[in-house]
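Working notes, structure below.
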Amino acid sequence: MEILALVEAMGTNYMIARTSRGLAYIWTWRSEIDDDDLDAMLARPTAEHGAMVGPKEKLIWEVENCVGSYRWCGDPALEEAAEEVVETLLDAIREA
18 MEILALVEAM GTNYMIARTS RGLAYIWTWR SEIDDDDLDA MLARPTAEHG AMVGPKEKLI
78 WEVENCVGSY RWCGDPALEE AAEEVVETLL DAIREA
């Protein structure tokens, strides 16, 4: 697994990774994950610890609609953090 982007914000590590299964969007409290962790995260994702693999368009939609939703939450600190996460992850997805 190759981590293309990693942003730690809002108590979560957000990652974009190139995996044997394809491009992955990962959100977790862990600072490192391996292929076994990824398999478990894909099989049983939760709001705090999960992953998805798919085409760029699907991952972009998920980033925009999940972590991106915090950009309008009314808390300036969360809004700023969410914007940084979204920009970093979308750049990594587009460049992958």
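Quick note: the sequence shown uses my numbering, first residue 18, plus one each step. For each residue, glycine too, the CB sits at the ideal point set by N, CA and C.
Residue range 52-60 is occupied by the alpha helix (DSSP H) that includes Met58. Secondary structure in the stretch 21-93: the beta strand (DSSP E) runs of 3 residues or longer, each lying completely within the stretch, are 29-36, 39-45, 67-70 in chain order.
Leaving aside the five residues that flank Arg38 on each side, the residues in its chain whose CB is nearer than 7 Å to its CB run, in chain order, Val70. Counting only the Cα atoms, Ile110 lies some 20 Å from Tyr87. Restricting attention to Val24, Ile33, Thr29, the CA atom closest to the CA of Met18 is found in Ile33.
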